[in-house]
Amino acid sequence: MDLSHTAVRDHAAFLERLRLVPDQPGVYLWKDATGRLLYVGKSKRLRDRMRSYFGSPRSLNGKTRRLVSHIADFEIIVTQSELEALLLEMNLIKQHRPPYNILLKDDKTYPYIKVTVNEEWPRVFATRQVLNDGARYFGPYASAGSVYHALDILNRLFAFRPPYECKDDKFNRHRKLGKPCLYHQMRRCLGPCVPGLVTKEAYRQAIDSVCRFLEGKSDQIVRELRAQMEEAAERLEFERAAYLRDRIQAIAKISERQQVLRTVDTDQDVIAFAREDGSAVVQVLFIRGGKLINAEPFTLQGAEDESDEALLTSFLTQFYQNAPTIPPSLLLADHVEEPLIIASWLQQKSGHRVEITVPRRGEKKQLVEMAAANARQKLREIREQWLNSEQRAVAALSELRDLLELPALPRRIECYDVSNTQGQQSVASMVVFEHGEPRPAHYRRFKIKTVSGANDVASLREVISRRFRRAAEALGEAQQAAAAVEIEGDSEPSTTETSDTDRQALERWADLPDLLLVDGGPAQVAAAQAALHELGFTQIPVVGVAKGPDRNRFDLVRAGSEPLVLARDSKALALVQRIDEEAHRFAIAYHRKLRNKAALRSPLEEIPGIGPKRKRALLKAFGSLDGIRRASVDEIAAVPGMTRKAAEELKSLL
């Protein structure tokens, strides 16, 4: 075995450990020199699978060669069976999201529709958590927009409690008032909050119809509604009959779109994919009761150089790990790795037999081809959107470089803004754009510590000093680490006692901007430059963004030069405006948070001797601060936890 292309330091010790790996089912974890997890894999014969990584590099694809070049360590976990290895691999990938595994993008946050059938008056709403709480879940959906659209249609059809406007506190408030809200008058709610408007049985019937509709059983619902309409007409309840007729027509119109692709009368998911240049989109068609009830695209990360089998296998295991329902049939565009093990896992999870097939002809093949066509279309849309965004960003950055006479495109731009109310709760924001796109993970917010009153210039200087003092410290540590490596005569990254989290935080502070924007004019620019010069960062250009009274102008201010007035159709103007507005939004949001927190703080917290427990007891006894003021010393002293001395001091201070 050849370890010359790896990051392993002690080859002999590594090979000896590898020799001792058993030929049993299990999971292996490749790690780099810092202990960071790179990849999680499974195998029915661990030793053979792990040794296969260290043959000739020519036999490996590009992605695997990059993985091997970073391998410095490993762990193994032996299991009793291949199924146990599969389950363990899925859990580890979901927990750690290793960079070299194929990952379902944002798999933790896909939305579902939740129906709280376990409650007295059930609700139907969107959620991103699937819990074992007795409720029913439908999904997942690829986007929140898909869920909101579905909820709007369902609410119009079945008039359950509005998904977002009827939480329990509002429901109980209207129950006490004995009066329904506007949604009842709009026929968007049956009015379960008011006794007498709808019975529990009728409301439960509506919720049951929601569940059946999501299951694709709209024919049953139409039959029941038609029977109810005929009964209402016989009782001369023509308004009720007309309302039911309209619901039948609305459901029929939706069902017509589902009927277009009617197949065998069963439940099945159809899964196909499209891939290009490392990008991959998987399309899932959800067929219930023989009808296409939904179609959702899902994006995969890390799919480059992977086989079609590996791609589909990774998608299946991650997608169905949290899926609330699994149909008895899966139609796939290609074969998967170890289909019997995956089918066994799906059967164990769902409680029924799950058949995995790759159709080659007939109507099922047509369904797979339709899913593949949808996946190709979605991939095309994603790529066009990305290319358009990239082209706009490059054009704006190029124009900004030329206007400001920068040596190169400003890859990283930082923008700072200060916010306060008459000098109170003064804060500042730092937002970061890289390649013309925001990087929220790099945003920072600051409380102003050394400046009193409304002094934006001094506040800005303080913030710039604090930010670049951190950068100087981080760069100093990096230089020390590099020197240590040189002394050891080793090109591998040195290991220190600094944790991975601390190291990542330091690296972010050490990433210097190519352009620094400040919200303001010449005074703000001068303050920022002075702070940078004090710390030795003289190479970073500073530009102010001066706006009109209605934020209708975004002129660029440089030290010793006339302001640059950007043309209305300038691409640079659009980018600068976006960055500045983001900094303003981020600063305002933090300022409001602190201001609201201060407004909610009780004056009791400022009084010595009155801690949280005494404050709660006093407010519980007297209801408010005014109630405490009206109370006598004896009454205050009688509150649990209070003493007469504390009561006298409190009374004197109030």
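What the sequence shown shows, in UniProt numbering, is residues 1 to 654, in sequence order.
For glycine and all other residues, C-beta sits at the position ideal for the given N, C-alpha and C.
Residues near residue 543 in its chain [Cβ-Cβ closer than 8 Å; skip 5 each side]: 404, 515, 516, 517, 518, 525, 556, 557 and 558
Use the C-beta contact count for residue 149: other C-beta atoms within 10 angstroms, 16 or more gives buried, fewer gives exposed. exposed
Do residue 2 and residue 54 have their C-beta atoms within less than 9 Å of each other? yes
Contact belief for residue 8 with residue 71 at Cβ below 8 Å, rounded distance in angstroms: 7 Å
How many Å lie between residue 634 and residue 650 at the Cα? 12 Å
When you compare only the Cα positions, how much space is there between residue 397 and residue 447? 31 Å
Name the DSSP beta bridge partners of residue 555, please? 546
Candidates 122, 118 and 125, of which the one nearest residue 134 by Cα: 118
Pick from 441, 636, 337 and 509 that is closest to residue 473, judged by C-alpha positions: 509
CA-to-CA distance, residue 428 to residue 406, given in whole angstroms: 26 Å
Can you find the residues in the same chain that come closer than 6 Å, C-beta to C-beta, to residue 584, ignoring five residues on each side of it along the sequence? 417
Cut-off 8 Å between Cβ atoms - residues of its own chain near residue 147, not counting five sequence neighbours on either side: 111, 112, 113, 126, 139 and 141
Determine which residues share a DSSP beta bridge with residue 164 and list them. Residue 164 is not bridged to any residue.
Please classify residue 452 as buried or exposed, where buried requires at least 16 other C-beta atoms within 10 Å of its C-beta. exposed
Use the C-beta contact count for residue 495: other C-beta atoms within 10 angstroms, 16 or more gives buried, fewer gives exposed. Here residue 495 scores only 36 on pLDDT, less than 50, and its place in the model is too uncertain to base an answer on.
With a floor of 4 residues, list each alpha helix (DSSP H) that falls wholly inside the stretch 168–242, ordered by position along the chain. 168–177, 182–185, 200–214 and 218–234
Can the beta-carbon of residue 290 be found less than 9 Å from the beta-carbon of residue 362? no
Using 8 Å for Cβ pairs, my map puts residue 269 next to residue 327. What's the rounded Cβ distance? 5 Å
Identify whether residue 102 lies in helix, strand or coil by the three-state DSSP scheme. coil
Based on Cα-Cα distance, which residue from 534, 628, 575 and 465 lies nearest to residue 545? 575
According to the Cβ coordinates, are residue 303 and residue 375 closer than 9 Å? no
Assign residue 650 to one of three DSSP states: helix, strand, or coil. helix
Starting from the C-beta of residue 435, find all residues in its chain whose C-beta is less than 7 Å away, skip the five residues before and the five after it, and write them out in chain order. 393 and 411
For residue 294, which of helix, strand or coil comes out of DSSP? strand
Are the stretch 309–316 and the stretch 239–250 touching, with three or more C-beta to C-beta distances below 8 Å? no
Please tell me whether residue 621 and residue 537 are closer than 9 Å, where the distance is taken between their beta carbons. no
Per DSSP, residue 424 is paired with what? 421
Specify the secondary structure class of residue 540 as computed by DSSP and reduced to three states. coil
DSSP three-state assignment for residue 148, whether helix, strand or coil: helix
Just list the residues that DSSP pairs residue 658 with in beta bridges. Residue 658 lies beyond the residue range present for the chain, which begins at 1 and ends at 654; the question has no answer from this structure.
For the alpha helix (DSSP H) that residue 82 lies in, which residues bound it at each end? 82–96
In angstroms, rounded to a whole number, what distance separates the CA positions of residue 68 and residue 12? 17 Å
Could you give the residue range of the alpha helix (DSSP H) that holds residue 15? 11–19
Please report the Cβ distance between residue 342 and residue 279, rounded to the nearest whole angstrom; I am assuming they are in contact, meaning their Cβ atoms lie under 8 Å. The pair is not a contact, with the Cβ atoms about 24 Å apart (cut-off 8 Å).
Coarse secondary structure for residue 607, derived from DSSP in three states: coil
My output table needs one value for residue 430: the three-state DSSP class, helix, strand or coil. strand
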